[in-house]
Amino acid sequence: MVRWTQQCIPTLREPPQDAEIPSHRLMLRAGLIRKLAGGLYTFLPLGLRALRKVERIVREEMDRAGALEILMPALHPREVWDRTGRYDVLRDVMFKIKDRQDREMVLGPTHEEIVTDLVAREINSYRQLPRNFYQIQTKFRDEIRPRFGLMRAKEFIMKDAYSFDVDTDAAETSYQAMYDAYVRIFERCGLRTKIVEADTGAMGGSASHEFMVLADSGEDGLVECDGCDYAANLERAESASTAPREFDGAAEAIQEVDTPGARTIEQVAAFFKTEPARMIKTLIYLADGEPVAVLTPGDRDINEIKLARALKASELVMADDATVEKVTGAPVGFAGPVGLSGVRLLADEKLKGYRGGITGANKAEKHIVNVDLERDVPELTYADLVFARGGDQCVRCGGTLQEKRGIEVGHVFKLGTKYSEQLGAQYLDEAGKQHPAVMGCYGIGVTRTLQAVIEQSHDKDGVIWPAAVAPYPVEVLIINTQHEPSVQVGEQLAAESEAAGVDVLLDDRDERPGVKFKDADLIGLPLRVGIGEKSLARGVVEIKIRATGEMRECAPDAATETVLELLGTLNNAAKSS
RNA sequence: CGGGGCGUAGCGCAGACUGGUAGCGCGCUUGAAUGGGGUUCAAGAGGUCGCGAGUUCAAAUCUCGCCGCCCCGACCA
């Protein structure tokens, strides 16, 4: 049992001005965290207790899935990162420091290199596989822009796991086991998650899924199909090609038109009094230094991840103005595919069959109308290059895609043998033949998950903790500490609950009732047992369920039993949701 | 990194344009009353006005530089 007067729960009536989203404001207001600097937070006692609850769930499910807990250093010598070339890939996100010997060190943003180095040394035989190592550890990333409290911080706690298998079939099994464990973890945390196909980014590898908590404040865009279970991060999402588009003038010959002062899509569309979708947007990129002209519908945005993949380019940047002028012969704003020579031409597949389109003429202040791409630019090759968006058709079933935002709380990757080959994580098979282990890696943002719980479970009055991760399951609130019998009953109830294995926060402050009720709602423990003169006079205490607002009354003698019963109900409700 | 905004008591803010002894609400301390949804009264404590230069008789206020924080954007023609 903890007495409020002995705890440090600094609730705030007003949120600090620099907090934007509900979960961030509530974490500050409920006294869970305090900021040291941008992206750096201290966990106060209540916040730490909730964090430990999440960690415990993660640990239990990882252990259950057969993963082995280890703890790797947060501080790494640079050489390990040079061995895979990722020092250069992650250069900007790593914190780099030097020791007194002037040796270059980094603070670990992730641990593939470290764990693979370990396995390279310790695992030699197929008899030792499969193995899955995990840790719960602090990661450091020099984020471009930390924001929203724990959502994107420079220092955060992550659970990361790494599986090693003899072949891709076995690796598939390990992947599925982690996937299933993740489903259970987030469910137990009381979170509703959406699982989406995702891009593998700097991690590399063949496939991955993200576990998303749907929230308007989420930093990731995603689409989900209303007709099947297809769902994907916008970085990766595909959508069906639209039917060939025909606009006015489709059958006519191309014609050059003076368009003074119109160079952006919006300006040109306005000039022709037509829609942006009719424009054939032409962008000049430099793919590994080579200029490429890329075409998309005027109302679509290029997905550079898709473009880089289609071009098999490792470095992709928009061309500078000088290059654009050199390639197109016109100032920026008038590029078009018709008559453009000397560069690779690549078009988004949604442009297939475009007729009657409008595009730049490769001359200053001029555009071309009545463009029929098949007729006028026959050499064009097509690929999926643009971001999918809400309203598009699903590639799988033809249903309609809905666009949502989400918080990425977990991410599972199939890594293949990229790291094991580079770092020598080899094993001998039964025939004595050497193979690289096939890897997978699996991350959960623990601190982010905690905040996501609040983002998904709160109301205007405060946090609504799911029972499984609440700092305490029950608050016993003595309404008036001047009223001796109330204090006695409260103390006794708290002691009883404690004896029954239920941690209790006892609000024993000599405050006005209103203050204590408000704080109880704010910190949002699942159950509140209120003890006051009026209800005691009727021989009862009051139990309020935070999530529903439902009130129960029972005799003080029966209170502990009722609390246990209600907690059971709340836990089951969490499991079945 | 680019753009915008902010920095004055623990929190939320006013004061700045037009330089002249630093204010308000909440919180905190003490006392009294009150005691079922942020109660009331009285008396208090608490500030290098982000930091550093400069202008001035005089700077929270004007000028310059720096730092920190928040938001938006980061090559979409």
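Last residue of the first sequence? That's 814 in the numbering used here, and every number before it is there in order. Glycine is no exception: its CB is placed at the ideal position from the N, C-alpha and C atoms. Owing to the predicted nature of the structure, the values given are computational and were not obtained by experimental measurement.
Could you pull the DSSP bridge partners for residue i from this structure?
i      : result
Ser445 : Phe650
Asp756 : Note: Asp756 sits in no beta bridge, so no partner.
Pro534 : Ile517
Ile768 : Ile715
Asn470 : Leu459
Gly214 : Outside the shown range of the chain, which is 238 to 814, sits residue 214, and nothing can be said about it.
His313 : Val343
Arg389 : Arg384
Under a three-way DSSP split, which group does residue i fall into?
i      : result
Lys655 : helix
Gln413 : helix
Phe370 : strand
Lys290 : helix
Met299 : helix
Val559 : One point to set straight first is that residue 559 is Ala, not Val, in the sequence displayed. In this structure, Ala559 counts as helix in the three-state DSSP scheme.
Ala547 : helix
Phe423 : helix
Leu281 : coil
Gly438 : helix
Ala620 : strand
Thr321 : helix
Lys697 : coil
Val433 : strand
Ser400 : strand
Just tell me which of the options has its CA closest to the CA of residue i.
i      : options                        : result
Asp466 : Arg296, Glu779, Gln639         : Gln639
Glu541 : Leu520, Ser578, Leu622         : Leu622
Val529 : Asp557, Pro310, Ala514, Gly699 : Asp557
Ala287 : Val690, Ala810, Tyr371, Glu616 : Val690
Ser723 : Gly738, Pro750, Ile701         : Pro750
Lys771 : Glu779, Pro383, Arg765         : Glu779
Ile270 : Gly653, Thr248, Asp747         : Thr248
Val706 : Leu459, Glu493, Thr684         : Thr684
Arg378 : Tyr412, Asp329, Glu409         : Asp329
Gly738 : Ala784, Asp744, Arg775, Glu802 : Glu802
Ile381 : Asp325, Gly275, Thr375, Glu721 : Gly275
Ile595 : Arg783, His261, Arg358, Val494 : Val494
Pro763 : Ala435, Thr519, Tyr709         : Tyr709
Ala474 : Gly455, Phe509, Ile432, Glu503 : Ile432
Gly647 : Ala302, Ile701, Asp417         : Asp417
What number of angstroms, rounded off, separates the C-alpha of residue i from the C-alpha of residue j?
i      : j      : result
Ile491 : Ala625 : 30 angstroms
Pro252 : Asp354 : 46 angstroms
Val649 : Ser400 : 11 angstroms
Thr437 : Ala731 : 50 angstroms
Pro673 : Ile246 : 52 angstroms
Lys587 : Arg482 : 9 angstroms
Tyr664 : Ile360 : 7 angstroms
Arg362 : Ser443 : In the sequence as displayed, the identity of residue 362 is Ser instead of Arg. Their backbone Cα atoms lie some 25 angstroms apart in a straight line.
Leu285 : Asp740 : 15 angstroms
Gln693 : Met264 : 13 angstroms
Val403 : Leu366 : 7 angstroms
Ile517 : Lys563 : 20 angstroms
Glu820 : Met238 : This structure leaves residue 820 out entirely; the chain is present only between 238 and 814.
Three CB pairs or more closer than 8 angstroms across the region 599-618 and the region 481-495: yes
Do the region 668-688 and the region 383-402 touch if we need at least three Cβ pairs shorter than 8 angstroms? yes
Inter-stretch contact at 8 angstroms, needing at least 3 Cβ pairs: the region 567-575 / the region 586-606: yes
Taking three-plus beta-carbon pairs below 8 angstroms as touching, is the region 737-757 in contact with the region 699-715? yes
Three CB pairs or more closer than 8 angstroms across the region 289-300 and the region 365-373: yes
Do the region 334-351 and the region 297-312 meet, that is, are 3 or more Cβ pairs less than 8 angstroms apart? yes
Is it a yes or a no for the region 383-392 touching the region 419-439, going by three-plus beta-carbon pairs under 8 angstroms? no
For the region 544-562 against the region 520-534, do three or more pairs of beta-carbon atoms, one drawn from each stretch, fall closer than 8 angstroms, so that the two count as touching? yes
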